[in-house]
Amino acid sequence: MPVSEGWHELHRRRFAELPFDCGNDVDPGIVDSPHVRDWSRRKTTDDQQRIESYIDRFDLRDRTLLHVGIGNSGLARRLHKRVKAIVGTTVDDPEIRVAHALGLPNYRAIKHNKYSGSTGIPAETFDFIIDNNPAVPCCCIRHLADLFSLYASRLGSNGQIVTDREGLQWSWPGAHERWSFDFDDIAAIARATGLNAYRVTADIYVLARSAPERPARMPLLRHGLRRFRTLPADLASQFLKRARRAARNMLR
Ligand SMILES: C[S@@+](CC[C@H](N)C(=O)[O-])C[C@H]1O[C@@H](n2cnc3c(N)ncnc32)[C@H](O)[C@@H]1O
Ligand SMILES: [Zn+2]
11 MPVSEGWHEL HRRRFAELPF DCGNDVDPGI VDSPHVRDWS RRKTTDDQQR
61 IESYIDRFDL RDRTLLHVGI GNSGLARRLH KRVKAIVGTT VDDPEIRVAH
111 ALGLPNYRAI KHNKYSGSTG IPAETFDFII DNNPAVPCCC IRHLADLFSL
161 YASRLGSNGQ IVTDREGLQW SWPGAHERWS FDFDDIAAIA RATGLNAYRV
211 TADIYVLARS APERPARMPL LRHGLRRFRT LPADLASQFL KRARRAARNM
261 LR
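Every number in my numbering is 10 more than the matching position in the sequence shown, counting from 1.
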């Protein structure tokens with residue numbers, strides 16, 4: 011895919027230590043051996059957990075998610091009952107097997123290298139695109155541009171690309187230290203992609219076309235209300251009667 015002048019300029023100005031084009035069009039960004047990469051039986055990372063907690067605070071009933079780097083499929087297990095659909099991607103067969111074994115009707119796992127363009131990714135757009143390590147394990151600025159161009163092409167009009175401070179900073183053993191990104195790096199990348207970057211919490215960074223929808227402020231209250239709605243009717247009405255009685259007693 012041809013790379014825009016914005017990315018050439020970004021390379022010169024900000025990422026000159028990194029190669030512009032690695033020349034590998036077969037398997038760009040594949041660095042570790044499969045058994046090191048495979049996350050199918052490993053614990054969800056802290057940065058991935060934070061992203062899931064952020065997304066969990068939205069009303070997801072009509073939302074679609076693209077999860078890049080599904081690992082142990084914890085995101086799908088956590089959110090599948092509340093979302094319309096999840097598409098997940100990985101380069102590792104064991105992760106695909108774990109995803110398929112879950113048998114979730116609205117969760118589809120696809121083998122796809124995120125630096126290799128859009129072939130294989132459904133043509134639809136998504137409300138959330140989740141990638142806790144977009145710069146890992148990237149090989150060059152051209153393939154990084156391909157990744158963000160893929161994400162922009164699959165981002166719904168009010169969609170959010172969600173990533174994390176720690177995940178962006180992390181880089182793999184032996185990698186050039188410049189692959190460790192901070193907020194200003196991702197903000198510059200967002201601009202080259204035609205997007206804006208937002209620091210929505212101390213750790214969560216969002217790329218979007220305009221200021222992203224804010225999640226519910228009080229996740230505990232929201233979860234509490236959701237649980238309350240699922241209580242059997244007589245239990246819920248008993249609870250309400252008691253709450254009213256307690257309020258009346260307090261006012262006497
Ligand atoms: C360290 S694991 C993290 C899994 C999960 N996101 C988490 O944080 O718990 C990295 C994930 O990225 C995937 N991955 C690595 N290189 C990739 C590439 N070039 N394209 C797409 N996915 C890749 C791996 O298959 C794995 O699912
Ligand atoms: Zn490359």
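For glycine and all other residues, C-beta sits at the position ideal for the given N, C-alpha and C.
Nothing here was measured: the structure is a model prediction, and the numbers come from that model.
- Item | Neighbourhood of residue 110 by C-beta distance below 7 Å, restricted to the same chain and skipping five residues each side | Numbered from its first residue, the sequence shown carries residue 110 at position 100. Excluding sequence neighbours, residue 110 sits near 119.
- Query: Cα-Cα, which of 41, 97, 206, 218 is closest to residue 78?
  - Reply: As a working note, residue 78 is residue 68 in the sequence shown. Among 41, 97, 206, 218, the Cα nearest to that of residue 78 is on 97.
- Item | Run of the alpha helix (DSSP H) containing residue 177, from where it starts to where it stops | One-based indexing of the sequence shown puts residue 177 at position 167. Element bounds for residue 177: 175-179.
- For residue 203, which residues of its own chain have a beta-carbon under 6 Å away from its beta-carbon, when the five flanking residues on both sides are left out? In the sequence shown, counting from the first residue as 1, residue 203 sits at position 193. So the qualifying residues of the chain are 158, 162.
- Item | With 16 other Cβ atoms within 10 Å as the buried cut-off, status of residue 191 | Stepping through the sequence shown from its first residue, residue 191 is reached at position 181. By the neighbour-count rule (16 or more Cβ atoms within 10 Å), residue 191 is buried.
- Message: I'd like to check one pair, residue 44 with residue 125: are the Cβ atoms closer than 7 Å?
- Response: In the sequence shown, residue 125 corresponds to position 115, counting from 1. In the sequence shown, residue 44 corresponds to position 34, counting from 1. In this structure, residue 44 does not lie closer than 7 Å to residue 125 by Cβ.
- Go to residue 191, then tell me how far its beta strand (DSSP E) extends in each direction, as first and last residue. The residue given as residue 191 occupies position 181 in the sequence shown. That residue, residue 191, is in no beta strand (DSSP E); it is neither H nor E in DSSP.
- Query: Which value, in whole angstroms, describes the spacing of the CA atoms of residue 164 and residue 171?
  - Reply: Translated into positions along the sequence shown, residue 164 becomes position 154. Translated into positions along the sequence shown, residue 171 becomes position 161. Whole-angstrom Cα-Cα distance: 10 Å.
- Is DSSP giving residue 89 helix, strand or coil here? Here residue 89 corresponds to residue number 79 of the sequence shown, with the count starting at 1. Helix, per DSSP.
- Closest Cα partner of residue 61 within the set 134, 22, 138: Locating residue 61 in the sequence shown gives position 51, counting from the first residue. Cα-wise, what sits closest to residue 61 is 138.
- What did DSSP end up calling residue 69 once you bin it into helix, strand or coil? Along the sequence shown, one-based indexing puts residue 69 at 59. DSSP places residue 69 in coil when its eight states are reduced to three.
- Task: Apply the 10 Å Cβ neighbour rule to residue 33 and answer buried if 16 or more other Cβ atoms are within range, or exposed otherwise.
- Result: What you label residue 33 is simply residue 23 of the sequence shown in a count that begins at 1. Burial call: exposed.
- residue 104 versus 121, 117, 181, residue with shortest Cα-Cα distance: By 1-based counting over the sequence shown, the position of residue 104 is 94. Nearest of 121, 117, 181 to residue 104, Cα basis: 121.
- Item | Assumed close pair residue 143, residue 180 - CB separation to whole angstroms, cut-off 8 Å | Reading the sequence shown from its first residue, position 133 is the one you call residue 143. Reading the sequence shown from its first residue, position 170 is the one you call residue 180. About 6 Å separates the two Cβ atoms, so the contact holds.
- Message: Between the region 88-97 and the region 63-76, can you find at least three pairs of beta-carbon atoms closer than 8 Å?
- Response: yes
- Query: Are the C-beta atoms of residue 20 and some chain B residue less than 7 Å apart?
  - Reply: No chain B appears in this structure, which consists of one protein chain only.
- Applying the criterion that 16 or more other CB atoms from any shown protein chain within 10 Å of the CB defines a buried residue, is residue 193 buried or exposed? Here residue 193 is taken as the residue at index 183 of the sequence shown, counted from 1. By the 10 Å Cβ count, residue 193 comes out exposed.
- DSSP-derived helix/strand/coil call for residue 157: Counting from one through the sequence shown, the residue named residue 157 turns up at place 147. Reduced to three states, the DSSP call for residue 157 is helix.
- Closer than 6 Å: residue 105 CB and nearest ligand 1 heavy atom: Position 95 of the sequence shown, counting from 1, holds the residue named residue 105. Yes - ligand 1 has a heavy atom lying nearer than 6 Å to the Cβ of residue 105.
- Taking just the CA atoms, how far does residue 225 sit from residue 84? Translated into the one-based positions of the sequence shown, residue 84 becomes position 74. Translated into the one-based positions of the sequence shown, residue 225 becomes position 215. So the two alpha carbons sit approximately 21 Å from each other.
- Considering only residues of the same chain and omitting the five flanking positions on each side of residue 41, which have a CB-CB separation below 7 Å? Residue mapping note: residue 41 aligns to position 31 of the sequence shown, counting from 1. Excluding positions up to five away in sequence, the list reads 147, 182.
- Item | Boundaries (first-last residue) of the beta strand (DSSP E) holding residue 140 | If you number the sequence shown from 1, residue 140 lands on position 130. First-last of the beta strand (DSSP E) with residue 140: 136-140.
- Could you tell me which residues DSSP puts in a beta bridge with residue 121? Numbered from its first residue, the sequence shown carries residue 121 at position 111. 100.
- Task: Report back the beta-carbon spacing between residue 82 and residue 108 to the nearest angstrom; my notes put them in contact at under 8 Å.
- Result: One-based indexing of the sequence shown puts residue 82 at position 72. One-based indexing of the sequence shown puts residue 108 at position 98. About 6 Å separates the two Cβ atoms, so the contact holds.
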